[in-house]
Amino acid sequence: MIFPHPRNVVETLMSESQIHLIDTVTEKPFSAAPQGCVRRSSAEVGWRGIVVEMHSIPPMELPEHYVQGHRLIVHAGQPIEYEWKDNSHWRSKLLHPGEFCLQSHGEVNFPRWHDRFEFIAIALDPTFVDRSFQDSGIKEGTCFQEQRAAFDPVIADFAQRFQAELISRSYGGVLYGESLALAFALYLLQQHSVCPKSFSQPRGKLSSLQLREIIEYIHANLSEELSLTHLAELLNLSVFHFARLFKNSLGLSPHQYVLQNRVERAKKLITVCVDTNLTDIALQVGFYDQTHFGKAFKRTVGVSPKVFAKLRAS
Numbered sequence: 041m042i043f044p045h046p047r048n049v050v051e052t053l054m055s056e057s058q059i060h061l062i063d064t065v066t067e068k069p070f071s072a073a074p075q076g077c078v079r080r081s082s083a084e085v086g087w088r089g090i091v092v093e094m095h096s097i098p099p100m101e102l103p104e105h106y107v108q109g110h111r112l113i114v115h116a117g118q119p120i121e122y123e124w125k126d127n128s129h130w131r132s133k134l135l136h137p138g139e140f141c142l143q144s145h146g147e148v149n150f151p152r153w154h155d156r157f158e159f160i161a162i163a164l165d166p167t168f169v170d171r172s173f174q175d176s177g178i179k180e181g182t183c184f185q186e187q188r189a190a191f192d193p194v195i196a197d198f199a200q201r202f203q204a205e206l207i208s209r210s211y212g213g214v215l216y217g218e219s220l221a222l223a224f225a226l227y228l229l230q231q232h233s234v235c236p237k238s239f240s241q242p243r244g245k246l247s248s249l250q251l252r253e254i255i256e257y258i259h260a261n262l263s264e265e266l267s268l269t270h271l272a273e274l275l276n277l278s279v280f281h282f283a284r285l286f287k288n289s290l291g292l293s294p295h296q297y298v299l300q301n302r303v304e305r306a307k308k309l310i311t312v313c314v315d316t317n318l319t320d321i322a323l324q325v326g327f328y329d330q331t332h333f334g335k336a337f338k339r340t341v342g343v344s345p346k347v348f349a350k351l352r353a354s
């Protein structure tokens, strides 16, 4: 399992972690990572339902705390001895790259380590999980099996995808973050919940009325921040069912459809605008910055917006 080494990543340090823990003694929240130890965060691109961060933390012992959100850490550095207090006894396991620790919202943790600890920190919003699968027989307050130094190739793959996205910022945006959060939560519910759940894939499609309503809404709001949760609410569906029925109907996920149409609208604007301001066009079609726009455009069209504009002008 190979993760990019944090020292090989151009750093943009966040002021503090957006993942918080609750001290069991003072009952006050504190940051999951000291200031200057968060190398990348999904908060930079506005993801909802999930927070993903790259942490690099020196040797330390955290105070005993309650976990906020369903919390995973996936190790991304050299093997490290990870210790935690279980009642009055310290226990330890050797964490290898790709191995993870998992705790549910509200569980108690009291960890320490004696070497620099480099990992992908993931916090799933319990409310997002409950609402996303509310019509799938999932009870509120679903818990996951507590695990330390476990390995699951699918979780390791998700962690690599999360990390690659934080580094490259190729997609970004709320819709993409929610899509990843939904897929990740679905896998955890199927494989790592206290009562593993089997989900049947919805085979139907959106009705013609529903499809027309949602497509009209998307096209009318391409320049805005579109949310998977909000799109599902418009049709009074859970996020899980909406995402599946949408893909069954169009052959594309909501994120793929929105991205495709943003690029198509950008192509039209570049074609009709004589003095093309690519930054303005990026914002007009819903990309949060020109870097995000450029990467998505090139992946779809095959050339950068700048090259496309020159070809159209010639």
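Residue numbers (my numbering): 41 to 354. Don't be surprised by glycine CBs; every beta carbon is placed ideally from N, CA and C.
Q | Local conformation of Asn317 per DSSP, three classes | A | Residue mapping note: residue 317 aligns to position 277 of the sequence shown, counting from 1. In the structure shown, the three-state DSSP call for Asn317 is coil.
Q | Whole runs of the beta strand (DSSP E) within the stretch 59-125, excluding any shorter than 3 residues | A | Whole beta strand (DSSP E) segments, 3+ residues: 60-63, 69-71, 78-81, 90-97, 105-107, 110-115.
* Asked: Apart from the five residues on each side of it in sequence, which residues of its chain come closer than 8 Å, Cβ to Cβ, to Val298?
  -> Counting from 1 along the sequence shown, the entry for residue 298 is found at position 258. Counting only Cβ-Cβ distances below 8 Å, and skipping sequence neighbours, we find Leu215, Ile258, Leu262, Leu266, Gly326.
Starting from Phe140 and walking both ways along the beta strand (DSSP E), at which residues does that stretch end? By one-based count along the sequence shown, residue 140 stands at place 100. Its beta strand (DSSP E) spans residues 140-143.
Q. From this set, Gly138, Phe150, Ile90, which residue's C-alpha is nearest Ser128's C-alpha?
A. Sequence index remark: in the sequence shown, residue 128 carries index 88 (1-based). Comparing Cα positions, the closest option is Phe150.
Next on the checklist: Suppose you measure from the CA of Glu218 to the CA of His115; what does that come to, to the nearest Å?
Outcome noted: Position 178 of the sequence shown, counting from 1, holds the residue named residue 218. Position 75 of the sequence shown, counting from 1, holds the residue named residue 115. For Glu218 and His115, the distance between alpha carbons rounds to 23 Å.
As assigned by DSSP and simplified to three states, the class of Val148:
Your numbering for residue 148 matches position 108 in the sequence shown. Three-state DSSP puts Val148 in a strand.
- So what does DSSP say about Glu264, is it helix, strand or coil? The sequence position of residue 264 within the sequence shown is 224, counting from 1. If DSSP states are grouped into helix, strand and coil, Glu264 belongs with coil.
Note to self: Taking the straight line between their C-alpha atoms, what separation do you get for Ala73 and Ile160?
What the structure shows: Start at 1 with the first residue of the sequence shown, and residue 73 comes out as number 33. Start at 1 with the first residue of the sequence shown, and residue 160 comes out as number 120. Using only the alpha carbons, I get a separation of about 12 Å.
Review point. Leaving out the 5 sequence neighbours to the left and right, which residues in its chain are closer than 8 Å to Ile178 when beta-carbon positions are compared?
Key: Within the sequence shown, residue 178 is the residue found at index 138, counting from 1. Answer for Ile178: Val169, Asp170, Leu229, Lys237, listed in chain order.
task = Please name the residue, chosen from Arg188, Gln324, Val341, Lys125, that lies closest to Arg111 on a Cα-to-Cα basis.
result = Translated into positions along the sequence shown, residue 111 becomes position 71. For the residues Arg188, Gln324, Val341, Lys125, the minimum Cα distance to Arg111 belongs to Arg188.
With 16 other Cβ atoms within 10 Å as the buried cut-off, status of Ala353
Taking the sequence shown and counting its residues from 1, the one referred to as residue 353 is at position 313. Classification of Ala353: exposed, given that the 10 Å Cβ count is below 16.
ask   = Is the number of C-beta pairs between the stretch 92-111 and the stretch 129-140 that are closer than 8 Å three or more?
value = no
Review point. What's the gap between the Cα of Leu323 and the Cα of Leu220?
Key: Start at 1 with the first residue of the sequence shown, and residue 323 comes out as number 283. Start at 1 with the first residue of the sequence shown, and residue 220 comes out as number 180. The alpha-carbon atoms of Leu323 and Leu220 are separated by roughly 23 Å.
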